[in-house]
Structures are given as structure tokens and as C-alpha cells.
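Following my numbering, the numbering of the sequence shown begins with 18 at its first residue and continues without gaps.
Using N, Cα and C, we set each Cβ at its ideal position, and we do this for glycine too.
Since the structure is predicted, the reported quantities are computational estimates derived from the model, not experimental observations.
One structure is given below, encoded as C-alpha cells.
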Amino acid sequence: MAFQIESVIEDQVARLTLHGELDSLSARVFQTEIEKIANQPIDSLVLDMEELDFMSSAGLRVLIYSKQKIGPKLAIYIVKPQELIVDTLTKTGLQHSVTIVDQYPV
């Protein structure tokens, strides 16, 4: 399935819903969306990954970029990621930089 992203910003929370496969080709689309919201006054980034089937290392790089671009105080919530994505976050240590939840708001 092709990668798709939808974003909404409300009450200083940016919510991005990700669908399909986030690979090296689609990571640029994800990064562009992050760059758009980086100029907004947000304190939380919510990534709904329930329908994201795959995330490559390029997607992980964009997660790191998000924290750097928006700032260290940014709270990143990952909602309902697939088990494979949780494993990837754990193996890379990125689970310490994000909060994995079953729903948002927590």
C-alpha cells in the first residue's frame, strides 16, 4: 500500500495519521509534513500508526529529525504501532524518546 499522511493541528497538538509503508522513498513526504508543522506552536506530536504497516530506517531518521527540528521539549506519542514497528523502536533505543500508547489523549 502506498504511503499516505493526514495532519491536523489543534490546541498545540499536531496529529499525523500514517497509512501504508514508510520507506526511503516516502520518508521525504513525512519529513516535508514535519517541516510544515515545525513552524507552528506545538508541544505534542501524535503519530497515529495503527494503519502503518512498515517503517524503514529512513522513517526512524525522520522521528529523530522531528525532535531536533521542533525542539527537545516536544512530546512525541506513537499511537497503536504494529509489533514490527515497536520492535524496531526498541532495538534502536528510540522507545526512550517517544511514548507508545494505545490511544491519545492518554
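DSSP three-state label for residue i, please.
i: Gln21; result: strand
i: Val118; result: strand
i: Gly110; result: coil
i: Val123; result: coil
According to DSSP, residue i sits in a beta bridge with which residue or residues?
i: His36; result: Gln21 and Glu68
i: Ser61; result: Val30 and Ala92
Out of the options, which has the shortest C-alpha to C-alpha gap to residue i?
i: Pro122; options: Ser61, Phe71 and Ser41; result: Ser61
i: Gln12; options: Gly88, Ile54, Gln29 and Met66; result: The structure shown does not extend to residue 12, since the chain spans only 18 to 123, so no value can be given for it.
i: Leu35; options: Leu80, Pro89 and Gln85; result: Leu80
i: Thr105; options: Ile59, Ala55 and Arg78; result: Arg78
i: Gln120; options: Lys90, Ser114, Thr109 and Pro98; result: Pro98
i: Leu133; options: Ala19, Leu33 and Ala55; result: Residue 133 is absent from the structure shown; the chain starts at 18 and stops at 123.
i: Ile93; options: Thr116, Gly76, Ile26 and Ala55; result: Thr116
How about residue i and residue j: do their beta carbons lie closer than 9 Å?
i: Ile51; j: Met72; result: no
i: Leu64; j: Ile87; result: no
i: Leu39; j: Leu69; result: yes
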